[in-house]
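Worksheet: one structure, shown below.
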Amino acid sequence: MYKAGISGKHHEYFRENKVGAWGVKKNFLRTVLLGFFTLMLISGIARGEIAVVLQKAVNICLECIGLG
Amino acid sequence: MDKRTLTQIIASIITNANLQGFISGRIYRGKIKSLCVPGLNCYSCPGALGSCPIGSLQAVIGTAKYNISLYVLGLMGIFGILFGRFICGWLCPFGFIQDLLHKIPSPKFKVPVKLNGTLKYFKYVVLSVFVVLLPLLLVDQLGLSSPYFCKYICPAGTLEGGIPLTLINRGLRAALGFLFIWKLVILLIVIVLSLLIYRPFCRYICPLGAFYALFNPFSYYGYKLDKEKCTGCGVCQNSCRLGLNPGETPNNPECIRCGECLKSCPQGAITRR
Numbered sequence: 726m727y728k729a730g731i732s733g734k735h736h737e738y739f740r741e742n743k744v745g746a747w748g749v750k751k752n753f754l755r756t757v758l759l760g761f762f763t764l765m766l767i768s769g770i771a772r773g774e775i776a777v778v779l780q781k782a783v784n785i786c787l788e789c790i791g792l793g
Numbered sequence: 002m003d004k005r006t007l008t009q010i011i012a013s014i015i016t017n018a019n020l021q022g023f024i025s026g027r028i029y030r031g032k033i034k035s036l037c038v039p040g041l042n043c044y045s046c047p048g049a050l051g052s053c054p055i056g057s058l059q060a061v062i063g064t065a066k067y068n069i070s071l072y073v074l075g076l077m078g079i080f081g082i083l084f085g086r087f088i089c090g091w092l093c094p095f096g097f098i099q100d101l102l103h104k105i106p107s108p109k110f111k112v113p114v115k116l117n118g119t120l121k122y123f124k125y126v127v128l129s130v131f132v133v134l135l136p137l138l139l140v141d142q143l144g145l146s147s148p149y150f151c152k153y154i155c156p157a158g159t160l161e162g163g164i165p166l167t168l169i170n171r172g173l174r175a176a177l178g179f180l181f182i183w184k185l186v187i188l189l190i191v192i193v194l195s196l197l198i199y200r201p202f203c204r205y206i207c208p209l210g211a212f213y214a215l216f217n218p219f220s221y222y223g224y225k226l227d228k229e230k231c232t233g234c235g236v237c238q239n240s241c242r243l244g245l246n247p248g249e250t251p252n253n254p255e256c257i258r259c260g261e262c263l264k265s266c267p268q269g270a271i272t273r274r
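Going down the list, the sequences are from chains P and C. With the numbering used here applied, the first sequence has no gaps in its numbers, which climb one by one up to 793 at the end. With the numbering used here applied, the second sequence has no gaps in its numbers, which climb one by one up to 274 at the end.
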């Protein structure tokens with residue numbers, strides 16, 4: 726049930742807290758991805774994408790409503 | 002009224018709080034419109050205060066300056082990591098509309114497992130082809146392209162933007178043509194299907210749902226199954242209107258976190274993580 730990679734005192738901790746190897750990987754993966762997407766967001770803002778989004782959003786999108 | 006319906010009402014009102022727009026026939030033009038909302042909500046809806054992430058993504062891809070939108074993808078990714086498809090079930094205004102339609106008394110059908118298993122992949126095709134590839138590759142001489150998903154598929158744009166704006170605005174009404182009829186037909190199909198089956202657009206077409214589905218297995222908001230408590234009775238599977246089996250995969254990419262399995266489990270084996 727508890728795979729290799731989690732051993733010794735960590736093994737005990739994870740068993741008591743019902744956290745498996747996938748649980749550890751999952752926590753790591755989402756933390757890394759959260760950081761990655763935050764960096765993407767900041768980079769997008771820095772290169773001025775917000776202005777493009779705003780420009781599109783404050784004018785009626787003719788394609789969206791079926792006229793364009 | 003249950004907690005989810007109340008949350009859906011509040012989220013839909015907050016997303017479309019520019020009520021004045023429905024009377025004047027004008028859309029909101031404030032600076033907060035540069036912020037994308039988590040759910041599918043057309044930014045040409047007279048009430049919309051924020052931007053549709055799918056519309057914004059295509060808008061940025063469709064410019065000559067940028068090939069991909071780091072801002073929109075970053076924001077969508079953060080929403081996905083934090084909430085997964087909880088957004089579909091609790092916060093998306095177009096999802097709420099489908100829930101309301103499904104409450105109208107009419108014959109209800111469950112999609113056969115095999116058909117459901119095949120059709121669910123169509124939304125990934127919509128995401129990759131209509132939202133990313135076509136706006137990226139099908140450009141004019143100036144390097145600009147159309148938002149192909151919004152233009153040819155999105156029924157939310159027709160319902161939330163097209164219909165109210167053309168009803169109020171005579172100038173726009175005069176410009177109606179084949180494209181509007183095409184989009185109206187798609188909207189009518191989605192409405193009729195929503196009466197008969199649960200959330201057809203979210204399950205088979207929505208590109209935003211497809212994007213969030215990628216994060217569902219490991220998003221911060223999710224479900225956990227206590228295998229010691231689970232007796233395998235199948236009550237959760239019968240209660241799931243999406244045809245999923247939470248007793249096997251509580252964090253299925255297709256799960257919109259409606260919470261019916263949590264409520265129905267007699268052992269309390271499924272909980273929020």
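Beta carbons are placed, not taken as given, at the ideal position from N, Cα and C, and that holds for glycine.
Through-space distance from Ile154 of chain C to Ile190 of chain C, alpha-carbon basis: 11 angstroms
Under the rule that 16 or more other beta-carbon atoms within 10 Å means buried, what is Arg200 of chain C, buried or exposed? buried
Does the beta carbon of Ala746 of chain P sit closer than 8 angstroms to a beta carbon anywhere in chain C? no
Tell me whether Asn152 of chain C sits in a helix, a strand or coil according to DSSP, three-state version. Note on residue identity: the sequence assigns Lys, not Asn, to residue 152 of chain C. Of the three classes helix, strand and coil, the one that applies to Lys152 of chain C here is helix, per DSSP.
Using a Cβ-Cβ distance under 8 angstroms, would His749 of chain P count as near chain C? Correcting the residue type first, residue 749 of chain P is Val in the shown sequence and not His. No, its Cβ sits nowhere closer than 8 angstroms to a Cβ of chain C.
Taking Arg1 of chain C and Gly178 of chain C to be in contact with their CB atoms under 8 angstroms, please state how far apart those CB atoms are, rounded to whole angstroms. Residue 1 of chain C cannot be examined here, being either before or after the span of chain C that is shown, 2 to 274.
Inspect the beta-carbon positions of Val73 of chain C and Val778 of chain P and report whether they are closer than 8 angstroms. yes
Option nearest Leu58 of chain C by Cα separation, candidates C:Lys32, C:Phe150, C:Asn117, C:Lys121: C:Phe150
Inspect the beta-carbon positions of Pro208 of chain C and Val127 of chain C and report whether they are closer than 8 angstroms. yes
Have a look at C:Ile10, C:Ile62, C:Ala214 and flag the residue whose alpha-carbon is nearest the alpha-carbon of Lys121 of chain C. C:Ala214
To which residues of the same chain is Tyr738 of chain P closer than 6 angstroms at the C-beta, ignoring the five residues directly before and after it? Note on Tyr738 of chain P: pLDDT 45, under 50, position unreliable in the model; no value is reported.
Using a Cβ distance threshold of 8 angstroms, determine whether the segment 82-102 of chain C contacts the segment 179-186 of chain C, with at least three qualifying pairs required. no
With distance defined between alpha-carbon atoms, name the residue in C:Thr8, C:Lys34, C:Cys262 nearest to Asn19 of chain C. C:Lys34
Could you say which of C:Lys109, C:Gly81, C:Ile28 lies nearest to Gly223 of chain C if we only look at CA atoms? C:Gly81
Within the same chain, show all residues whose beta-carbon is closer than 8 angstroms to that of Phe23 of chain C, passing over the 5 residues directly before and after it, in chain order. Pro47, Gly48, Pro165, Ile169
Whole angstroms is fine: what's the gap from Val61 of chain C's alpha carbon to Asn68 of chain C's? 7 angstroms
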